[in-house]
Amino acid sequence: MLSSINRLILTSTLTAIQAGDFSFCYKMGFTQNEISKLATITADELIILCRMSSQFMRYAIDHDKLVALLNTTAQEASRQSLINQAIILGGSIALLHHFFGLTSNEVCARRRLLAVNVPSGRTPTPDEVIDTEIWQRWKLACISPADSLEGLSAMLLITESLSHHKHAPTLTAVWNRITLFEEMQNTRRGCHAG
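For the record, in the sequence shown the residue sitting at position 128 is 145 according to our numbering, with numbers rising by one throughout.
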């Protein structure tokens with residue numbers, strides 16, 4: 018294993034030297050003198066050096082960086098899961114762009130990947146019973162603003178909880194209704210304040 022590590026490091030370093038990328042060599046920890054010697058090494062010397070059992074690099078784990086990367090990875094995995102869930106529950110291109118910045122091409126590609134077919138035309142407006150259910154469940158969630166990721170998570174839960182209805186709303190329909198409810202609430206507050 019040690020010789021393969023040496024070989025990997027030497028191959029990467031010699032490739033960088035040949036390309037004139039000396040900053041890579043410095044970042045790897047090589048000195049100018051070592052870089053000069055490696056630049057003139059013969060093929061036979063390289064083979065001998067790669068076969069040596071002695072390892073010339075020390076490993077160290079940057080624990081702070083690893084924890085930060087693991088946290089970032091967990092956040093991105095959660096984001097990807099939310100995106101997939103939003104698509105499966107009928108999130109529109111506009112919704113996915115609003116919350117995640119996805120383009121129409123990215124949304125279409127994900128839909129294909131998830132085997133989600135979207136009917137053409139406008140999103141149907143929920144009937145009065147569903148509309149009331151959406152509003153009551155949204156009020157119980159007590160999330161503000163609606164266009165936050167917490168708001169989206171609540172909308173996903175509302176959409177899932179209403180999925181048993183004959184005319185179950187899509188996530189986009191729920192988002193449209195909640196956005197309208199919020200606008201009406203803000204208008205009422207403005208009228209009462211004035």
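Where a beta carbon is used, it is the ideal one built from N, C-alpha and C, also for glycine.
Bear in mind that the values here come from a model prediction, so they are computed numbers and not experimental data.
Express the C-alpha separation of residue j and residue i in angstroms, rounding to a whole number.
i: Arg205; j: Ala190; result: 23 Å
i: Ala111; j: Glu167; result: 18 Å
i: Ala77; j: Leu63; result: 26 Å
i: Met18; j: Cys159; result: Because the pLDDT of Met18 is 47, which lies under 50, any placement of that residue in the model is unreliable, and the number read from its coordinates should be weighed accordingly. If you take the alpha carbons of Met18 and Cys159, they lie about 57 Å apart.
i: Asp81; j: Asn88; result: 11 Å
i: Ser21; j: Ser29; result: 12 Å
i: Tyr43; j: Cys67; result: 20 Å
i: Glu200; j: Leu188; result: 18 Å
i: Asp61; j: Ser71; result: 18 Å
i: Ile100; j: Ser53; result: 51 Å
i: Leu27; j: Ala56; result: 11 Å
i: Gly37; j: Leu31; result: 10 Å
i: Asp148; j: Thr142; result: 8 Å
i: Thr48; j: Gln35; result: 16 Å
Can you name, in chain order, every residue of its own chain whose Cβ lies under 6 Å from the Cβ of residue i, other than the five neighbours on each side?
i: Leu169; result: Phe116
i: Arg154; result: Ile175
i: Arg127; result: Ile104
i: Trp152; result: Phe198
Buried or exposed: which applies to residue i, given that a residue is buried once 16 or more other Cβ atoms fall within 10 Å of its Cβ?
i: Met74; result: exposed
i: Leu86; result: exposed
i: Val84; result: exposed
i: Arg194; result: buried
i: Ile65; result: exposed
i: Arg129; result: exposed
i: Arg139; result: exposed
i: Met172; result: buried
i: Ala33; result: buried
i: Val124; result: buried
i: Asn122; result: exposed
i: Glu145; result: exposed
i: Gly118; result: exposed
Alpha helix (DSSP H) containing residue i: first to last residue?
i: Lys183; result: Premise fails: Lys183 is in no alpha helix (DSSP H) and is neither H nor E.
i: Met214; result: Outside the modelled stretch of the chain, which goes from 18 to 211, sits residue 214, for which no answer is possible.
i: Ala56; result: 49-56
i: Ile78; result: No alpha helix (DSSP H) contains Ile78, which DSSP labels as neither H nor E.
i: Leu63; result: 60-68
Who are the Cβ neighbours of residue i in its own chain at under 7 Å, not counting the five residues just before and after it?
i: Thr196; result: Ala163
i: Ala185; result: Leu179
i: His182; result: Ile147
Continuous beta strand (DSSP E) assignments of at least 3 residues falling wholly in the stretch 104-170
Those beta strand (DSSP E) runs which fall completely within the stretch 104-170 and span 3+ residues do not exist here.
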